[in-house]
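Colleague:
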Amino acid sequence: MRHKGLEDLEYVYFNSVSNSEAYLLLHGIRGGINEAWSDALFRKLKERDDTVFAFNFPYITRGEDRSGINTLKEELDALQIAYDFLKEAGKSPIHIIGKSFGGIVVSHWLSRNSDAGQTDVSIMGYVPGVGNMLPDALRSSLRVVIQGEYDRYASPSQVISELAAHQVAGKVVEIPGADHSYRNIKSTNQLEYEFQEKALNELLNLI
């Protein structure tokens, strides 16, 4: 029987029969499950025989450019559906990986979820500030942040300072030369995600 609500999600899923741990991927503000980051990470986790689930937030499925970011209700509801599906499938632990906007969403989800203490979280491209990340919600869950040296939202040292101010443990890994999307800040071709492979490999070595 299909999980309630799953039919409303646009998703990709690989179920490892040999590994009960699962990875749940939350994409950035644009691109959805077809964006370079999400697609590459999904493939790498599948290749190492991990269970992995990635889905589009509803505004992407509708073909819209942006979320109703002031409420995040749709995103939080979709995340809960995906999380419940994996949990009911017997997957444990569940490790949520959020890219930029996806990291914001997972912090808001943790702030109101009773499973927060049992869920590992990693963030690629941490976005601080009022209305964005909720660092207090990450206190018992954060494992790693992968941050470009020249991330326009926060440098690695700024992320470290914010986490420390909120008593959040978790490793912050700097990607030298990279911006928020793991592109080369000095490159004339800003369409090439030159440091994405390094960023993903750093993450995979730590989870």
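Under the numbering used here, the first residue of the sequence shown is numbered 46, with each subsequent residue one higher. Backbone N, C-alpha and C define an ideal beta-carbon position, used for all residues, glycine too.
Considering Q192, what are the terminal residues of the beta strand (DSSP E) in which it resides?
Modeller: Translated into the one-based positions of the sequence shown, residue 192 becomes position 147. Where Q192 is concerned, the enclosing beta strand (DSSP E) stretches over 187-193.
Colleague: I need the straight-line Cα distance from M178 to G148, nearest angstrom please.
Modeller: The count along the sequence shown starts at 1 and reaches residue 178 at position 133. The count along the sequence shown starts at 1 and reaches residue 148 at position 103. Spanning the alpha carbons of M178 and G148 requires a straight line of approximately 7 Å.
Colleague: From this set, L187, N229, I105, which residue's C-alpha is nearest R75's C-alpha?
Modeller: Here the question's residue 75 lines up with position 30 in the sequence shown. Taking only the C-alpha atoms, the option nearest R75 is I105.
Colleague: Give me the Cα-Cα distance between I141 and G193, rounded to the nearest whole angstrom.
Modeller: As a working mapping, residue 141 is identified with position 96 in the sequence shown. As a working mapping, residue 193 is identified with position 148 in the sequence shown. Computed Cα separation, rounded: 20 Å.
Colleague: Within a Cβ cutoff of 6 Å, which residues of the same chain sit near Q241, ignoring the five residues on either side of it in sequence?
Modeller: For the purposes of this step, residue 241 is taken as residue 196 along the sequence shown, with counting starting at 1. These residues qualify, in order along the chain: Y227.
Colleague: Taking the beta carbon of N101 as the centre, do at least 16 other beta carbons fall within 10 Å, making it buried, or is it exposed?
Modeller: Sequence index remark: in the sequence shown, residue 101 carries index 56 (1-based). With 16 or more neighbouring CB atoms inside 10 Å of its own CB, N101 falls in the buried class.
Colleague: Between which two residues does the beta strand (DSSP E) containing G143 stretch?
Modeller: Translated into the one-based positions of the sequence shown, residue 143 becomes position 98. Residues 139-144.
Colleague: Roughly how many angstroms separate the alpha carbons of I126 and E133, rounded to a whole number?
Modeller: For the purposes of this step, residue 126 is taken as the residue at position 81 of the sequence shown. For the purposes of this step, residue 133 is taken as the residue at position 88 of the sequence shown. Distance between the alpha carbons of I126 and E133: 10 Å.
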